[in-house]
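Peer 1:
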Amino acid sequence: MRQFRVPFVLAAAALGLLLSACTITITPAPNIEITLSDEILEFHPSRGAGATYYVGDNIEFRLRTRRAGYVTLTAIDPDGVVYELSRNVRVPGGTVFLPTREQRVVYTAAPPRGVHRIRATFTTQPTSGTVVYRGRRGDAEWSAAIEVELRPHEVRDIAETSLIIR
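Numbering (the working numbering), first residue to last: 251 to 416.
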C-alpha cells in the first residue's frame with residue numbers, strides 16, 4: 251500500500267502546482283432555479299472584481315454581452331440589505347460601461363463599509379418592473395426576487411461580482 255501512496259502524493263502535488271498558476275473566475279447565481287442562457291461574457295467593476303472603493307468614489311462596471319438586451323443591476327450590502335442600482339438599461343451587444351451616459355446617473359460608493367455583491371441580470375426584452383428589491387434582506391430573498399423577475403423571459407442570464415467599500 252505504501253508504494254502507491256508516494257506516486258499519488260507526488261501527482262497531487264504536481265496537479266496543485268499546475269492549478270495554482272491558473273486563475274479561475276466563477277460568476278455564480280446561487281439559489282436560482284431557472285435555466286440561464288450564456289449571454290453575459292464579462293461583468294466586474296472597472297477597477298476589477300473585488301476592487302476597493304472609498305466612500306464618495308464613483309463606481310463604474312464593465313459589462314460584455316453576446317447580444318443587445320436589457321440589464322438590471324442589484325446588490326446586497328454587508329448588512330444583508332438588497333438594493334437596486336439600475337433597471338432595464340438598454341445595452342448593445344459587446345462591451346459597455348455602466349452607468350451609461352444615457353442613464354444620466356452616477357454610482358457613488360456609500361456606507362455601509364465592507365463587501366458589496368452586485369448582480370447583473372440580462373434579458374432580451376425589458377422586465378416588467380413589478381419586482382421590488384428595496385426592503386429585501388439576505389441572499390435567499392435577493393435570489394428569489396431575481397428569479398421571479400427573470401422567469402417570464404426565455405433568454406436570461408445572471409453574473410455576479412463584488413467590490414469593497416472602505
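C-beta: ideal position from N, C-alpha, C; glycine also.
Would you call the CB atoms of Arg312 and Glu292 closer than 9 Å?
Peer 2: For the purposes of this step, residue 312 is taken as the residue at position 62 of the sequence shown. For the purposes of this step, residue 292 is taken as the residue at position 42 of the sequence shown. Yes, the Cβ-Cβ distance between Arg312 and Glu292 is below 9 Å.
Peer 1: On the criterion of 16 or more Cβ atoms from any shown chain inside 10 Å, does Pro494 qualify as buried, or is it exposed?
Peer 2: Given that the chain is displayed from residue 251 to residue 416, the structure contains no residue 494 and the question cannot be resolved.
Peer 1: According to the Cβ coordinates, are Tyr333 and Phe372 closer than 9 Å?
Peer 2: To locate residue 333, count along the sequence shown from 1; it is residue 83. To locate residue 372, count along the sequence shown from 1; it is residue 122. Result no, Cβ atoms of Tyr333 and Phe372 do not sit closer than 9 Å.
Peer 1: Relative to the alpha-carbon of Glu410, which residue among Arg386, His403, Val365 has its alpha-carbon at the smallest distance?
Peer 2: The residue you call residue 410 lines up with position 160 of the sequence shown. When only C-alpha atoms are compared, the closest one is Val365.
Peer 1: For Ile274 and Glu397, I'd like the C-alpha separation in whole angstroms.
Peer 2: Counting from one through the sequence shown, the residue named residue 274 turns up at place 24. Counting from one through the sequence shown, the residue named residue 397 turns up at place 147. For Ile274, the predicted structure reports a pLDDT of 33, less than 50, and the residue's modelled location is therefore unreliable. The matter cannot be settled from this model.
Peer 1: According to DSSP, is Arg351 part of a helix, a strand, or is it coil?
Peer 2: Here residue 351 corresponds to residue number 101 of the sequence shown, with the count starting at 1. Reduced to three states, the DSSP call for Arg351 is helix.
Peer 1: How should Ile408 be labelled, buried or exposed, when 16 other C-beta atoms within 10 angstroms of its C-beta is the threshold for buried?
Peer 2: Position 158 of the sequence shown, counted from the first residue, corresponds to residue 408. Classification for Ile408: buried.
Peer 1: With distances taken from CA atoms, which of Ser412, Arg406, Ile415 is nearest Ser287?
Peer 2: Counting from 1 along the sequence shown, the entry for residue 287 is found at position 37. Comparing Cα-Cα distances from Ser287 to each of Ser412, Arg406, Ile415, the minimum goes to Arg406.
Peer 1: Between Thr345, Arg369, Pro362, which has its C-alpha nearest Ala299's C-alpha?
Peer 2: The residue given as residue 299 occupies position 49 in the sequence shown. Comparing alpha-carbon positions, the option among Thr345, Arg369, Pro362 lying closest to Ala299 turns out to be Arg369.
Peer 1: Between Arg387 and Gly330, how many whole angstroms is the CB-CB distance? I'm expecting something under 8 Å.
Peer 2: As a working mapping, residue 387 is identified with position 137 in the sequence shown. As a working mapping, residue 330 is identified with position 80 in the sequence shown. Indeed they touch by this definition, with Cβ atoms about 5 Å apart.
Peer 1: Distance, Cα to Cα, Val259 vs Leu323?
Peer 2: Within the sequence shown, residue 259 is the residue found at index 9, counting from 1. Within the sequence shown, residue 323 is the residue found at index 73, counting from 1. Here the model assigns Val259 a pLDDT of 43, short of 50, so the residue's position is not dependable, and the following value carries that caveat. The straight-line gap from Cα to Cα measures roughly 45 Å.
Peer 1: CA-CA distance, Leu400 and Val305?
Peer 2: Numbered from its first residue, the sequence shown carries residue 400 at position 150. Numbered from its first residue, the sequence shown carries residue 305 at position 55. When rounded, the distance between both Cα atoms is 32 Å.
Peer 1: Cβ atoms of Arg337 and Gly385: under 9 Å apart, would you say?
Peer 2: For the purposes of this step, residue 385 is taken as the residue at position 135 of the sequence shown. For the purposes of this step, residue 337 is taken as the residue at position 87 of the sequence shown. No, Cβ-Cβ distance for Gly385 and Arg337 is not below 9 Å.
Peer 1: The alpha helix (DSSP H) with Gly428 in it runs from where to where?
Peer 2: Here the chain covers residues 251 to 416 and nothing more, so residue 428 does not appear.
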